[in-house]
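Q: Just so you know, the working numbering puts the end of the sequence shown at 248, numbered straight through with nothing missing. My structure is below; once you've seen it, I'll send some questions.
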Amino acid sequence: MPATPPPDGAIASRAGEQFGGRASPRVIHVLREEAGGRKLSDAYSCVVVGGTFDRLHDGHRLLLRTAAAAAQQRVVVGITVGRMLQSKELCELIQPFEQRQQAVTHFLQGEKPGVRVEAVAIEDPFGPSITDPHMDAIAVSVETEKGGHAVNEKRVANGLKPLDVIVVHLVDEGGEHVGMDEKISSTQLRQRDRQMLNTH
């Protein structure tokens, strides 16, 4: 299914480079209050998103909600395992893959019951995003936008169409972007859980 024009009100731009003679993918910026709204509703057949998704928190839900809103048929979620976890702080406390997979699937099915959820384990930064020809867009955070463009470079090298990149912004109630030190993170949640364990 071809990508639709940029949704009204969303901030859209073209990536500067050409991808092997193909038209550059769109980069669509979505603010927090727009996530899950009609502006991206069913814009793509399949949207992919990736991450660790440990201790599912509001930042994860925002990203997943955006992917679900934009997907008409399928959301593919790459969940990191194995060596992808080794560099993370308190990696020994990261929830088992099956627990994270269940949490992601349950949340997405609640957000959009009609969409097919494929939550798969990935042991590299790309997973199926660089091999699946039926994907149309990738949802990323501001911090991981470069990863979305790296996916497109790999896809084009593999002879596949590049994906539109949906960049989800976290903003506070006053409309200001929230800094990394203010955002909840899985690392903070693991630190909290370790402290609780140490006090018992």
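All C-beta atoms, glycine included, are put in the ideal place defined by N, C-alpha and C. None of these values were measured; they are calculated from a predicted model.
Name the residue from Q143, A205 and V125 whose alpha carbon lies nearest to the alpha carbon of P176.
A: Taking the sequence shown and counting its residues from 1, one reaches residue 176 at position 128. Answer by Cα proximity: V125.
Q: With the cut-off set at 8 Å, would you say L104 and A83 are in Cβ contact?
A: As a first step, residue 104 must be located in the sequence shown, where it is residue number 56. As a first step, residue 83 must be located in the sequence shown, where it is residue number 35. Cβ atoms of L104 and A83: not closer than 8 Å.
Q: Rounding to the nearest angstrom, what Cα-Cα distance links K160 and T114 in this structure?
A: Numbered from its first residue, the sequence shown carries residue 160 at position 112. Numbered from its first residue, the sequence shown carries residue 114 at position 66. About 11 Å.
Q: Helix, strand or coil for V129, going by three-state DSSP, please let me know.
A: Taking the first residue of the sequence shown as 1, we reach residue 129 at position 81. Three-state result, V129: coil.
Q: Based on the DSSP secondary-structure assignment, which residues constitute the bridge partners of S164?
A: Stepping through the sequence shown from its first residue, residue 164 is reached at position 116. As written in the sequence, residue 164 is Arg, which differs from the Ser given in the question. The partner list for R164 (beta bridge, DSSP) reads R122.
Q: Under the three-state reduction of DSSP, which class applies to I170: helix, strand or coil?
A: Within the sequence shown, the letter at position 122 stands for residue 170. Looking at I170 - three-state DSSP - the assignment turns out to be strand.
Q: Kindly list the residues whose CB is nearer than 8 Å to the CB of G158, restricted to its own chain and excluding five residues on each side of it in sequence; keep chain order.
A: What you label residue 158 is simply residue 110 of the sequence shown in a count that begins at 1. For G158, where only same-chain residues beyond five positions count, there are no Cβ hits under 8 Å.
Q: Helix, strand or coil: how does DSSP classify G99 here?
A: For the purposes of this step, residue 99 is taken as the residue at position 51 of the sequence shown. Correct three-state label for G99: strand.
Q: Measuring CB to CB, does V168 end up less than 8 Å from I214?
A: Counting from one through the sequence shown, the residue named residue 168 turns up at place 120. Counting from one through the sequence shown, the residue named residue 214 turns up at place 166. Result no, Cβ atoms of V168 and I214 do not sit closer than 8 Å.
Q: Between A118 and A187, how many whole angstroms is the CB-CB distance? I'm expecting something under 8 Å.
A: Along the sequence shown, one-based indexing puts residue 118 at 70. Along the sequence shown, one-based indexing puts residue 187 at 139. At roughly 7 Å, the Cβ-Cβ gap stays under 8 Å, so A118 and A187 are in contact.
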